[in-house]
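A short worksheet on the structure shown next.
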Amino acid sequence: MPLALLALAVAAFGIGTTEFVIMGLLPDVARDLAVSIPHAGLLITGYALGVVFGAPILAIGTANMPRKATLLGMTLMFILGNVLCALAPNYATLMAARVVTALCHGAFFGIGSVVAAGLVAPNKRAQAIAMMFTGLTLANVLGVPLGTALGQYAGWRSTFWAVSVIGVVAALAQWLWLPKHIPMDKANLASEFKVLGKVNVLLALGMSVLASTSLFSVFTYIAPILQDITGVSPHGVTVMLLLFGVGLTGGSMLGGRLADSRLLPSLVGVALAVVVILAAFSQTSRSVVPAAITLVLWGIFAFALCPILQLLIIDQAHEAPNLGSTLNQSAFNLGNAAGAWIGGLVVASGADLADLPWTGALVGVLTVLTALLFIYLQRREAAAVNVSG
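Quick note, our numbering runs 17 ahead of the 1-based positions in the sequence shown.
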């Protein structure tokens with residue numbers, strides 16, 4: 018089903034672009050709407066909270082709707098949200114429009130992951146999820162820098178108009194290429210909420226929070242690290258981030274292949290690799306070439322965790338895969354906010370920027386330990402079943 022997966026990837030590209038492009042447009046937005054930069058920065062926080070709290074509600078509300086209609090509805094909400102952003106006459110309207118767009122973000126990725134996994138053979142599920150998430154990685158490589166450049170040239174509103182057009186293309190692709198009847202299990206509210214009481218589901222979600230926290234505790238401050246420690250120019254920062262984005266794209270596909278072959282060993286191995294790479298970055302960040310190599314490797318392994326964790330939560334929350342998968346997006350965004358906050362505390366404490374990767378590495382260790390606990394509980398549960406059988 019390559020065309021169906023491509024349709025999902027196009028939508029993921031648009032959603033990823035609209036989430037992150039605001040960072041490069043903050044000064045323009047703040048100036049145009051007559052608010053401070055910190056005040057404008059709350060547009061990022063508002064979006065993240067919209068994903069964290071609103072997306073699961075939307076997933077439950079659409080649990081028994083046909084999957085194709087649901088995804089098309091989410092895409093239309095995405096288009097509406099971006100059109101409202103482009104037309105927003107004031108800060109409050111722009112914030113409300115960002116929240117509307119965020120609701121579709123979490124639910125689309127959550128439900129889309131389940132649909133993608135169901136469109137292919139069982140041994141290709143993680144690769145299908147990874148193909149969809151490739152749209153998100155390409156948003157960071159292409160969408161964000163191009164969207165930022167467009168906004169700086171033609172005004173920040175032009176970027177949201179452009180993203181709205183991407184949404185229209187994505188909606189047409191889904192309408193044409195997604196199967197009309199996508200198999201789905203009948204859901205009920207009891208089973209949807211009951212899944213939240215499963216220890217394995219909570220541990221899987223916890224790993225997503227920790228992995229995202231590890232990433233964003235460092236990545237949020239990557240520009241000052243590269244400028245002040247590595248000694249690259251502002252233009253050089255763009256090049257380095259492009260290399261990181263290339264790593265993200267490759268990592269998504271790598272994670273898909275690893276998850277389809279050996280899910281749990283891959284989870285531990287990739288999480289451990291992230292710890293080692295971040296620890297190394299505290300040293301390699303002092304020189305341009307080693308820093309560039311480390312960024313590529315970091316991008317590869319940090320994003321290889323995404324399809325692995327997404328497939329894990331779908332498997333563990335099999336009674337309510339749409340809610341579980343959507344909650345994983347909420348967990349990722351919660352980690353995004355937590356990582357930025359923790360990294361900010363470390364920087365505010367007077368720590369050297371070169372030591373900040375150690376913070377990400379320490380959080381990464383918690384990810385590894387949680388993965389090992391998950392495996393231990395899985396094996397103990399399997400052993401108990403064998404004994405009782």
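Where is the CB? At the ideal position from N, CA and C, for every residue including glycine.
DSSP state of residue i mapped onto helix, strand, coil
i      : result
Lys211 : helix
Met94  : helix
Val52  : coil
Ala337 : coil
Ser453 : Here the chain comprises residues numbered 18 to 406, so residue 453 is not present and cannot be evaluated.
Tyr393 : helix
Pro83  : coil
Ser366 : coil
Ile199 : coil
Tyr238 : coil
Val38  : coil
Ala446 : Because the chain here runs from 18 to 406, residue 446 falls outside it and cannot be looked at.
Ala400 : helix
Cutoff 6 Å; reference residue i; Cβ partners in own chain excluding five residues on either side
i      : result
Ala355 : Thr230
Ala296 : Ala378
Gly223 : Thr387
Gln333 : Asn217, Val218, Ala221
Buried or exposed (CB count within 10 angstroms, at least 16 for buried), residue i
i      : result
Val182 : exposed
Met112 : buried
Glu398 : exposed
Leu193 : exposed
Phe125 : buried
Ser130 : buried
Val161 : buried
Met40  : exposed
Arg48  : exposed
Own chain partners of residue i with C-beta closer than 7 Å, once the 5 adjacent residues on each side are dropped
i      : result
Val69  : Ser347, Asn350, Leu351
Ala145 : Leu22, Ala133, Ala134, Leu136, Val137
Asp277 : Asn140, Lys141, Arg142, Ala143, Gln144
Val363 : Leu373, Thr376
Ile61  : Ile39, Met40
Cβ-Cβ separation, residue j to residue i (assumed contact under 8 Å), whole Å
i      : j      : result
Val235 : Gly360 : 7 Å
Leu328 : Ala143 : 5 Å
Ala308 : Ser302 : 5 Å
Leu322 : Gly272 : 6 Å
Endpoints, alpha helix (DSSP H) assigned at residue i
i      : result
Met148 : 142 to 155
Ser250 : Here Ser250 belongs to no alpha helix (DSSP H), and DSSP marks it neither H nor E.
Ser283 : 280 to 301
Ile128 : 108 to 135
Ala190 : 173 to 194
Pro73  : 72 to 78
8 Å CB neighbourhood of residue i in its chain, flanking five on each side removed
i      : result
Val158 : Leu259, Gly262, Val263, Leu265, Thr266
Leu88  : Leu25, Ala28, Phe125, Ile128, Gly129, Val132, Gln191, Leu195
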